[in-house]
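**Q** Below: one structure in structure tokens.
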Amino acid sequence: MTFGDWLGPQEWQAVGLSLRVAGVAMLASLPLAVAVAWLLARRRFLGHGLLSGIVHLPLVLPPVVTGYLLLLTFGTQGPIGGLLQPLGITFAFRWTGAALAAGVMAFPLMVRAIRLGFEAVDPRLEQAAATLGAPRIWIFLTVTLPLILPAILAGATLGFAKAMGEFGATITFVSNIPGQTQTLPSAIYALLQVPEGEAQAMRLVLVSAVIAIGAVLASEWLARRMQGRR
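Numbering-wise, UniProt numbering puts 97 at position 97 of the sequence shown, and it's gapless, one number per residue.
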């Protein structure tokens, strides 16, 4: 039996869809996570604690509740989903909705990791660059960003891994439709509900573990290379 025959077509669909969902969720969330992390780390303003609480809300709410709130908001009858539907943008019961749910659940972990990176940077380095007349955006791009790249990689890895494993919010928001919204966790859950499905479920569990470990190792390798270039 070849490696390609190790999983059936439906299982390979779940693997491919999970990688697609996790990748899109991580890449779409990363710029906003960097901006919010910078805001929480470097600015003090009215509502700072409220913003921090809202950002971390998906970590403390049951995932099913988060998925239900997404369905109410981004469903076809929701306030945002209803506005987007005439534009041809639909999230409910689509893979894009799975990416949205995964991104929402991964966002707090990404913000937390990147915020720690910002807090570890000595503000005096940025102040020194400012005294030389460098614009603020240039200081961020040439001084701050290179210093926090390991934190960004850590946040991206955490976000990708969380998105790969997201189940509760995803299945509530987009259901479990094979070939459309069935990600790895949903496929594993479905296989465990049928007789003699445990062997297939275990193979998917091993695939999930390999992908997660590979993502972590790749992130650490990139972080070491970047630190070695300083």
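Where is the CB? At the ideal position from N, CA and C, for every residue including glycine.
In the DSSP assignment, the alpha helix (DSSP H) including Q13 goes from what residue to what residue?
**A** 9-42
**Q** Go ahead and label P108 buried or exposed: buried means 16 or more other beta carbons lie within 10 angstroms of its beta carbon, across all protein chains shown.
**A** With 16 or more other Cβ atoms from the protein chains shown falling within 10 Å of its own Cβ, P108 counts as buried.
**Q** Since V34 contacts V55 with CB under 8 Å, what's their CB separation in whole angstroms?
**A** Incorrect: roughly 13 Å between the Cβ atoms, too far for contact.
**Q** Since A106 and S29 should fall inside the 8 Å C-beta cutoff, what is the C-beta to C-beta distance between them, to a whole number of angstroms?
**A** 6 Å
**Q** If we count the other Cβ atoms within 10 Å of its Cβ and call it buried at 16 or more, is W138 buried or exposed?
**A** Exposed is the label assigned to W138, since fewer than 16 other Cβ atoms lie within 10 Å of its Cβ.
**Q** Under 8 Å: do the segment 142-154 and the segment 57-77 share three or more Cβ pairs, one atom per stretch?
**A** no
**Q** What three-state label does DSSP hand L48 in the structure shown?
**A** Note on residue identity: the sequence assigns His, not Leu, to residue 48. Helix.
**Q** On the three-state DSSP scale, how would you describe P79?
**A** coil
**Q** Pull up the distance between the alpha-carbon of L7 and that of P31, whole angstroms please.
**A** 35 Å
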